Amino acid sequence: MEYNDMELMICLASRYLEDNSIVVVGTGAPCAAAMLAQKMYSPRLMIMFEAGGIGPMLPSMPISVGDSRTFYRALAASSMPEVMETCQRGLVDYTFLGGAQIDQYGNINSTMIGDDHEKPKVRFPGSGGANDLASLCWKTMMITPQDPQRFTEKIDFITSPGYLTGPGAREKAGLPKDSGPYKVITNLCVIGFDEETKRMKVESTHPSIEKQTIIDNTGFELLWADDLTISEPPSPEELKCLREEVDPYKYIIGRA
Amino acid sequence: MEYNDMELMICLASRYLEDNSIVVVGTGAPCAAAMLAQKMYSPRLMIMFEAGGIGPMLPSMPISVGDSRTFYRALAASSMPEVMETCQRGLVDYTFLGGAQIDQYGNINSTMIGDDHEKPKVRFPGSGGANDLASLCWKTMMITPQDPQRFTEKIDFITSPGYLTGPGAREKAGLPKDSGPYKVITNLCVIGFDEETKRMKVESTHPSIEKQTIIDNTGFELLWADDLTISEPPSPEELKCLREEVDPYKYIIGRA
Amino acid sequence: MENFNKYTEERTVTYKPTGTGKLYTDPDAEKAREYFRDKKPRKMVEKATTVEKVVKEMISDGDYIGIGGFGANRTPVAVLHEMLRQGKKNLGLAGHTATHDFQILVAGNCINRCDAAYIVGLEARGLSKIARKAVESGTVELCEMTNASLTWRYKAAAMGLSFLPVRCMLGTDTEKFSNAVEMECPFTGAKYLAVPALYPDVGIIHVHRADVYGNCQIDGIMIADQDLARAAKRLIITTERFVPNEYIRRDPSKTIIPYYLVDAVIEVPFGGYPGNMAYEYFSDEEHLKAWLKAEKDPDEFKEFLQRHIYGVKNFNEYLDTIGGMSRLQELRIQENLIEK
Amino acid sequence: MENFNKYTEERTVTYKPTGTGKLYTDPDAEKAREYFRDKKPRKMVEKATTVEKVVKEMISDGDYIGIGGFGANRTPVAVLHEMLRQGKKNLGLAGHTATHDFQILVAGNCINRCDAAYIVGLEARGLSKIARKAVESGTVELCEMTNASLTWRYKAAAMGLSFLPVRCMLGTDTEKFSNAVEMECPFTGAKYLAVPALYPDVGIIHVHRADVYGNCQIDGIMIADQDLARAAKRLIITTERFVPNEYIRRDPSKTIIPYYLVDAVIEVPFGGYPGNMAYEYFSDEEHLKAWLKAEKDPDEFKEFLQRHIYGVKNFNEYLDTIGGMSRLQELRIQENLIEK
Chain A
915 MEYNDMELMI CLASRYLEDN SIVVVGTGAP CAAAMLAQKM YSPRLMIMFE AGGIGPMLPS
975 MPISVGDSRT FYRALAASSM PEVMETCQRG LVDYTFLGGA QIDQYGNINS TMIGDDHEKP
1035 KVRFPGSGGA NDLASLCWKT MMITPQDPQR FTEKIDFITS PGYLTGPGAR EKAGLPKDSG
1095 PYKVITNLCV IGFDEETKRM KVESTHPSIE KQTIIDNTGF ELLWADDLTI SEPPSPEELK
1155 CLREEVDPYK YIIGRA
Chain B
915 MEYNDMELMI CLASRYLEDN SIVVVGTGAP CAAAMLAQKM YSPRLMIMFE AGGIGPMLPS
975 MPISVGDSRT FYRALAASSM PEVMETCQRG LVDYTFLGGA QIDQYGNINS TMIGDDHEKP
1035 KVRFPGSGGA NDLASLCWKT MMITPQDPQR FTEKIDFITS PGYLTGPGAR EKAGLPKDSG
1095 PYKVITNLCV IGFDEETKRM KVESTHPSIE KQTIIDNTGF ELLWADDLTI SEPPSPEELK
1155 CLREEVDPYK YIIGRA
Chain C
56 MENFNKYTEE RTVTYKPTGT GKLYTDPDAE KAREYFRDKK PRKMVEKATT VEKVVKEMIS
116 DGDYIGIGGF GANRTPVAVL HEMLRQGKKN LGLAGHTATH DFQILVAGNC INRCDAAYIV
176 GLEARGLSKI ARKAVESGTV ELCEMTNASL TWRYKAAAMG LSFLPVRCML GTDTEKFSNA
236 VEMECPFTGA KYLAVPALYP DVGIIHVHRA DVYGNCQIDG IMIADQDLAR AAKRLIITTE
296 RFVPNEYIRR DPSKTIIPYY LVDAVIEVPF GGYPGNMAYE YFSDEEHLKA WLKAEKDPDE
356 FKEFLQRHIY GVKNFNEYLD TIGGMSRLQE LRIQENLIEK
Chain D
56 MENFNKYTEE RTVTYKPTGT GKLYTDPDAE KAREYFRDKK PRKMVEKATT VEKVVKEMIS
116 DGDYIGIGGF GANRTPVAVL HEMLRQGKKN LGLAGHTATH DFQILVAGNC INRCDAAYIV
176 GLEARGLSKI ARKAVESGTV ELCEMTNASL TWRYKAAAMG LSFLPVRCML GTDTEKFSNA
236 VEMECPFTGA KYLAVPALYP DVGIIHVHRA DVYGNCQIDG IMIADQDLAR AAKRLIITTE
296 RFVPNEYIRR DPSKTIIPYY LVDAVIEVPF GGYPGNMAYE YFSDEEHLKA WLKAEKDPDE
356 FKEFLQRHIY GVKNFNEYLD TIGGMSRLQE LRIQENLIEK
């Protein structure tokens, strides 16, 4: 069955969200992955939104993490501090982020391009809740297309913390122990983080993607898992569910 | 018209609660004073209870500051931190306290008698919210019978702060500026606090009470206002309202 | 544009532990995070159980407990009684206006330490003789506290922190016998008292409605329960009645305690008796008066406890000893201000 | 009994102001207390007024404002439009997921500084060209922030404090360009970031229901409005509809903003349009798209603003320009998931 990059990334991401875990998501691909997970594997995956929605029965893809869909028939309609404090208290397993640049330690830039904060070359929205979620949830995942500008040795601005400068750096900075980046899911491969060096390590390459293509699309040196595998492509069931139930209007999967 | 000490104290106290101010009260005499003020002079006096009740239409005297009467047809049924933070933010004008001992600076003991905290001679309930209210509300008032054991040079335990050791001591301790004891209403007189020394200063003596009686019933030296007056006794209207509407079952006024 | 940054340079400040009171629980937010990660049930599974079972399995001798409600208002009495029957010992207690709850635990000789904001009294009802004796004899060790400090200590924990700055207790003996530390504001230099986060081993809360997963609604004031529910390592809920999950989802803004905070939930009708349960039943002032009276004579009190607690199997049987549904209906009528 | 007090001796610690960002508002809790004492209306009097009047009298050039809701959800749009018409200048803004609100204020050239958690974007809808340009050109100065930090800065103010410790921003460039200070816990020694309390000069919140005194109800999520309402020195409420005071008293647990926090209240039906108002109407995605499109051409955008904001007298006239009740009814149907 044919699929596009976005469909592939969403399907792969959804498989990491095990049943009965708690995930804070934003709009777009992360929300689609969480909805797909809920429908396919993890019926009791608990979805939270940073503006206060907790455990909704999502009738459709939210446009905003604060819109009324995010608490439609929800378990609780709370507040931003309630959700952020639940993260800070250590109850949230996963979060999903995106960004304009990412480095080998999983640090993410969603603030600006350039070297002058007062007059940036390009301004992006900034952290929003991204820095908070990357700081406070246990495991941070990313869904992002991969190219050398995006996967770069030095990002222009660390908006949200990955492993910062490497092993021990998060703890030294005062961030919660044992938290940090978990998986990066791109259009080329699935990347984890090496336990010792905290650097990106490719775990599986997508079907028909060459190792060299991944190297060419990365601005820093990648590690490779000893047991490097081929990513399991989306199943017909996953695609059917994604296309017919999760995103019937192709808001997200139409973007690829 | 005849009246007892409790009726006198409640009527005098009620007159200090001007309309449209906010007061946090406990059960007993303070609550009666606030209810009387509301019915007689200050229809929009805003009564709060530390467990969360805000602006109730009190159907009767509450037994507990957390019972359901404290938020009967209230403006808000909130929480303890909500009320305490409203005090800390500086929105609450008055509070009323009681206690076992009080010194010339208005420091109050409601914790223990004795000098060994581990084995007190007599244990009382402790602060409850008293210390918080005395620290955070603008003006603290007390309703208390007066005798030399109660009005004492050195109290066994400072549960709630008055002016501590005198001028500037509250500020030095870190307590909010310009807050502190305001009036002490006893069965003998109404006492204010001298602006310069922060010591108790008698402002008015109750009808037929001799100055010497007050001195004999106080364990420290009192200051006396230059314009010392005679307290205005309860009016027939006040007594009627107190007896018929505020406390018809004589829960409080029957105690005197 | 004005810049309100007063301090732009690094500076050293002093932290002064001015309170000599003990810290009965670990305020470490990292350790709490680990506990919550590993032990808090994320599974939305049915958690309905019995009071007997939950007291046996979830409360151990020596635990530090936090009790919901406010003394004799929305108090989880059924669990407290069962703790007596099972003879729980050496418990620590967060005593924010602990009135009838404190009295019950002292009657069972269950506690040996307490963060004491308000104890031994029953508000307008008077003082408990046995509670006073327990404190005056040193049987129960105290760390002095205030209602606000204690609620903010829960709040610190609920926020996932190890402390919060507060402006009460300062300058008093309450501070001296507390476990607080004097510090200053990084921005203004103002003096603050830091209070340590309070993560109780067990929280016990009585609510109006819950589903079997533990999603809870409370009517009226919350007191400190929104924070206690979040601070507690293990959380036991008793509820006046179970409702379907669908009922919870109908008005999600009413959910004050979501299921993932809850370890066990038990339906206990009239579970706040003899306390007041807002909109349900008023406190039984006669029974509370009988308690205080019985305390005055050790033999009579023993008999009283036997009749109402030790001699009955469970909370429903306790309700029988006080007059059953007839009495409860009177309290319901009283709560709802219905003229008879 | 174990004592978890790690530090029993006085000790010195270091406060490090690691953020170079400005502090646009005074975090001083003492000054806020004085303001609240002297200027906050305790009187429960009728506060109904008009948008024109309130913008004229309560918002001054240079003020720092906090906007309720979440970008294009429950946003007080009527007040924002009027600020443009009255040509307010040099305002500061608390930008926690500021989307359509930020876009409006930039369109009117009203702001020159911002605590920026999320700006220039409209979430899934894309980025605003004019908003980007305002930031990239330096017209709007930024202090970097995060959504959680900003909500906790409101909370610090709501609690009557001058700071709160938090665990986010640490170690990043977001911290470096923030106004935070590194410090440590008095009990555990753990590293924290202190964020300064944020007391905005003006808070503006749109709610579902209010009485004329300003007692307010909000349905669904609160976002940060429970804290913004308490933190703001002056508070302007717009409400979908007025209700009698008796309605508020019927369910006091619904009152999220009590009257004594409120300085003015105005009935503005559909006042959150073109944003989403939970249970009332969905966001008008077509109109928001038209905004973004119009921004691409300066002349077209000028015309667009003239048609919808500058050329109309008030919010009701604005609603006429977008299709009036017919369009609003469509959005209501959409919000309530009614199949046509």
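Chains as they are written, first to last, in the numbering used here: chain A, 915 to 1170; chain B, 915 to 1170; chain C, 56 to 395; chain D, 56 to 395.
Each residue gets a CB set at the ideal place from its N, CA and C atoms; glycine is no exception.
Note that the structure is predicted; figures quoted are calculated from it, not measured.
query	result
Grouping DSSP H, G and I as helix and E and B as strand, with all else coil, what is Trp207/D?	helix
If we count the other Cβ atoms within 10 Å of its Cβ and call it buried at 16 or more, is Asp156/D buried or exposed?	buried
Does the ligand ATP have a heavy atom nearer than 8 Å to the CB of Lys1125/B?	With respect to small molecules bound, the structure shown includes none, and the ligand ATP cannot be examined in it.
Quick one: does Glu999/B have its CB under 9 Å from some CB of chain D?	yes
Within 10 angstroms of its Cβ, does Asn331/C collect 16 or more other Cβ (buried), or is it exposed?	buried
Where does Tyr314/D land, buried or exposed, given buried means 16+ other C-beta within 10 angstroms?	buried
Please specify which runs of the beta strand (DSSP E), each continuous and at least 3 residues long, are wholly inside the segment 90-155 of chain C, giving them in chain order.	119-122 and 146-150
Thinking C-beta only, is Ile260/C closer than 9 Å to Asp280/C?	yes
Give the DSSP-derived three-state secondary structure of Asn369/C in the structure shown.	coil
Could you name the residues of chain C that Thr1073/B contacts, counting a contact when the two beta carbons are closer than 8 Å?	Thr227, Asp228 and Thr229
Is the Cβ of Leu259/C closer than 9 Å to any Cβ of chain B?	According to the sequence displayed, residue 259/C carries Ile and not Leu. No, no contact with chain B.
Would Tyr1008/B pass as a contact of Val937/B if the rule is Cβ separation under 9 Å?	yes
Could you say which of Lys108/D, Lys98/D and Pro82/D lies nearest to Val317/D if we only look at CA atoms?	Lys98/D
Counting only Cβ pairs nearer than 7 Å, list the residues of chain C close to Asn58/D.	Lys77 and Leu78
Can you round the beta-carbon distance between Leu1156/A and Leu950/A to whole angstroms, since I take them to be within the 8 Å contact cut?	5 Å
Should the segment 321-328 of chain C be regarded as contacting the segment 288-303 of chain C, the criterion being three or more beta carbon pairs within less than 8 Å?	yes
Which one of Ser982/A, Asp933/A, Cys945/A and Val997/A has the shortest CA to CA distance from Asn202/D?	Val997/A
Which first and last residues belong to the beta strand (DSSP E) in which Tyr70/D is found?	Arg66 to Tyr70
How many angstroms separate the CA atom of Thr73/C from the CA atom of Phe356/C?	40 Å
In the DSSP assignment, what are the bridge partners of Gln1015/B?	Asn1023/B
Just grab the DSSP bridge partners of Gly74/C for me.	Note: Gly74/C sits in no beta bridge, so no partner.
Could you list the residues in the segment 1034-1046 of chain B with a C-beta less than 9 Å from some C-beta on chain C, going in chain order?	Pro1034, Lys1035, Val1036, Arg1037, Phe1038, Pro1039, Gly1040, Ser1041, Gly1042, Gly1043, Ala1044, Asn1045 and Asp1046
What does His1031/B touch in chain C if you count any residue whose Cβ is under 7 Å from its own?	Phe232
Suppose you measure from the CA of Tyr334/C to the CA of Ala1048/A; what does that come to, to the nearest Å?	43 Å
Quick one: is Asp318/D near chain C, going by C-beta distance under 9 Å?	no
Would you list, in chain order, the members of the segment 166-177 of chain C that have their beta-carbon closer than 7 Å to a beta-carbon of chain B?	Ala171, Ala172, Tyr173, Ile174, Val175 and Gly176
Using a cut-off of 8 Å between C-beta atoms, extract the partners of Arg304/C located in chain A.	Met971, Arg987, Ala988 and Leu989
Of all the beta strand (DSSP E) runs that stay within the bounds of the segment 1134-1161 of chain A, which reach a length of 3 or more residues?	1137-1144
For Thr310/D, list the residues DSSP reports as bridge partners.	Gln272/D
Taking its Cβ as the centre, do 16 or more other Cβ atoms sit within 10 Å of Leu160/C, making it buried, or is it exposed?	buried
From which residue to which residue does the beta strand (DSSP E) around Ile291/C run?	Arg289 to Phe297
Here's a check: name, in chain order, each residue in its chain whose Cβ is nearer than 7 Å to the Cβ of Gly181/D, leaving out the five neighbours to either side.	Leu347
If you drop the 5 nearest sequence neighbours on each side, which residues of the same chain put their C-beta closer than 6 Å to that of Lys246/C?	Glu239
At least one CB of chain D closer than 9 Å to the CB of Asp981/B: is that the case?	no
What's the C-alpha gap between Asn391/D and Gly124/D?	20 Å
Less than 9 Å separating the beta-carbons of Lys1112/A and Gly1080/A?	yes
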